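Written below as structure tokens is the structure these notes are about.
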Amino acid sequence: MRNSSDVIIIGSGVVGNSAAYYLAKRNYSVTVLEKSNHIANGGSVRNGGGVRQSGRDKREMPFIMHAVKNMWPTLSEELEMDVEYYQEGNLRLGKTDTHERILSDLTDTASACGLDVKMITGEEARTICPFLSEEVTSASWCPTDGHANPMLTTLAYYRKARQLGARFITGDGVAEIRKVRGRACRVITESGEVYEADRIILAAGYESRNLAATVGIDVPMTRWLMEVLVTEAQPPMFYQMLGTAMADFYGHQSTHGSFVFGGTSGFEETNKDNGAPSASSITAPCICRGIIKYFPALENAKIVRTWGGWIDQCADHVPVISYVDEVPGLILACGFSGHGFGISPAVGLTLSEMAVDEKTTIDISQLRYDRFTAKI
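The numbering of the sequence shown is the working numbering, which starts it at 293 and goes up by one.
Here it is in structure tokens:
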């Protein structure tokens with residue numbers, strides 16, 4: 293059948309595309325369905341590009357540590373496209389005693405998971421990055437963290453998956469998932485097309501919640517707007533991934549020379565442009581005021597563009613990567629809460645293993661969908 297494959301993936305973001313690649317690489321037939329006319333029209337290409345292990349929930353650590361050790365360093369060669377991966381470390385910065393306590397707690401959690409991360413003084417941080425202001429009094433430092441280009445990474449997975457035979461259908465949103473004899477194996481699109489597969493991977497960001505509901509499953513997520521700005525190109529200055537204790541901004545310098553910074557203003561829940569993921573006039577100035585206090589050398593850098601994208605924010609800020617006992621055939625990959633890009637290679641690998649009933653390289657037991665079930 294033309295619309296039959298081994299696996300259907302709903303969502304052509306970096307997670308869906310990476311899963312498609314790892315499945316196609318092993319000669320499984322894959323159909324990827326994307327509502328937008330373009331691949332990766334959500335948070336996958338609208339994020340700060342962090343490939344960080346530090347500052348994560350311990351349940352995510354196995355994924356990011358595996359990806360950083362075994363996947364990111366050779367990803368450009370494997371996908372035959374430069375994804376602009378830099379492993380120059382991560383400085384998470386603090387200016388107050390409260391910031392230092394937050395950073396210390398995060399560092400202790402990461403260290404307990406086996407990560408090489410430590411607290412350093414402001415002076416030590418300025419030795420690593422001389423452009424830091426004197427206001428910085430403490431920092432956490434993880435030398436194996438880094439960053440990459442989200443757009444190029446998502447595109448590289450897409451391109452390589454297609455070369456290996458994966459089929460991508462864009463511009464036709466999924467209306468519902470259907471069960472046949474109790475098993476999820478059929479997807480109906482808004483145009484009425486019917487697709488069938490042995491396994492369905494649901495990786496459609498916040499839209500995953502409505503689609504999971506068509507088979508009676510709920511993942512507690514909300515939609516949160518993330519905004520990013522890009523500066524004009526600057527001379528090479530520093531290539532560490534940067535962040536702050538309060539996460540008021542984060543970012544890095546790109547290969548092109550521009551700085552990419554993300555952040556928040558506190559007005560993210562305000563509905564703008566009828567719910568479209570549109571950058572506001574409030575957030576960029578708010579981010580810039582914070583940046584200047586940490587990096588005064590960037591004071592005169594001009595912003596050339598801004599953008600916004602939706603985050604599928606899970607109730608406990610940790611993703612759901614899970615089989616669904618009540619709906620055999622369905623695999624959930626959603627609720628990444630803005631943490632999905634860095635772990636996407638490991639998540640794609642894991643989903644490819646799950647889809648063919650193999651033991652996963654990384655333990656997924658802590659990310660089950662039913663962890664939210666009420667306890668009696």
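Glycine is no exception: its CB is placed at the ideal position from the N, C-alpha and C atoms. Quick caveat: nothing in here was measured; it's all calculated off a predicted structure.
* Straight-line CA distance for I302 to K651? -> For the purposes of this step, residue 302 is taken as the residue at position 10 of the sequence shown. For the purposes of this step, residue 651 is taken as the residue at position 359 of the sequence shown. One C-alpha to the other measures close to 23 Å.
* Run of the alpha helix (DSSP H) containing Q455, from where it starts to where it stops -> Locating residue 455 in the sequence shown gives position 163, where the first residue counts as 1. Its alpha helix (DSSP H) spans residues 442-455.
* Does the stretch 397-407 come within contact of the stretch 326-339, defined as at least 3 CB pairs closer than 8 Å? -> no
* Count the C-beta pairs between the stretch 522-536 and the stretch 486-500 that are closer than 8 Å, then say yes if the count reaches three, no if not. => no
* Asked: On the premise that G640 lies in contact with V307, defined as a C-beta separation below 8 Å, what is that separation, rounded to the nearest angstrom?
  -> Within the sequence shown, numbered from 1, the residue matching residue 307 stands at position 15. Within the sequence shown, numbered from 1, the residue matching residue 640 stands at position 348. Indeed they touch by this definition, with Cβ atoms about 6 Å apart.
* Tell me, to the nearest whole angstrom, how far the beta carbon of T446 is from that of I300; I am working on the premise that it is less than 8 Å. => Position 154 of the sequence shown, counting from 1, holds the residue named residue 446. Position 8 of the sequence shown, counting from 1, holds the residue named residue 300. Going by Cβ atoms, the distance from T446 to I300 rounds to 19 Å, so no, they are not a contact pair.
* Within 10 angstroms of the Cβ of F628, are there 16 or more other Cβ atoms? Answer buried if so, exposed if not. => Counting from one through the sequence shown, the residue named residue 628 turns up at place 336. It is buried - the Cβ of F628 has at least 16 other Cβ atoms within 10 Å.
* **Environment of D655 [buried if 16+ CB atoms lie within 10 Å]** => For this step, residue 655 is matched to residue 363 along the sequence shown. Exposed, since its Cβ has fewer than 16 Cβ neighbours within 10 Å.
* Kindly indicate which three-state DSSP category H544 falls into: helix, strand or coil? => Residue mapping note: residue 544 aligns to position 252 of the sequence shown, counting from 1. In this structure, H544 counts as strand in the three-state DSSP scheme.
* To do: Using three-state DSSP, classify D510 as helix, strand or coil.
  => Position 218 of the sequence shown holds residue 510. In the structure shown, D510 sits in coil (DSSP, three-state: anything other than H, G, I, E or B).
* Asked: Ends of the beta strand (DSSP E) at G606?
  -> Numbered from 1 along the sequence shown, position 314 holds the residue referred to as residue 606. Reading off the sequence, residue 606 comes out as Cys, not Gly. Its beta strand (DSSP E) spans residues 595-606.
* Since Y378 and S644 are thought to touch, with beta carbons under 8 Å apart, how far apart are those beta carbons, to the nearest angstrom? -> Here residue 378 corresponds to residue number 86 of the sequence shown, with the count starting at 1. Here residue 644 corresponds to residue number 352 of the sequence shown, with the count starting at 1. Between S644 and Y378 the Cβ distance is about 26 Å, and since that is not below 8 Å, they are no contact.
* Asked: What do you reckon, are the CB atoms on T536 and T556 nearer than 8 Å?
  -> What you label residue 536 is simply residue 244 of the sequence shown in a count that begins at 1. What you label residue 556 is simply residue 264 of the sequence shown in a count that begins at 1. The answer is no: Cβ separation not under 8 Å.
* If we call anything under 8 Å between Cβ atoms a contact, is I583 one with F541? -> As a first step, residue 583 is located in the sequence shown; it is residue number 291 there, counting from the start. As a first step, residue 541 is located in the sequence shown; it is residue number 249 there, counting from the start. In contact: I583 and F541 (Cβ atoms closer than 8 Å).
* Residue range of the alpha helix (DSSP H) that includes G406 -> Locating residue 406 in the sequence shown gives position 114, counting from the first residue. Taken as a continuous stretch (DSSP letters only), G406 belongs to no alpha helix (DSSP H), as it is neither H nor E.
* Asked: So, do the stretch 613-628 and the stretch 465-481 have three or more beta carbon pairs nearer to each other than 8 Å?
  -> yes
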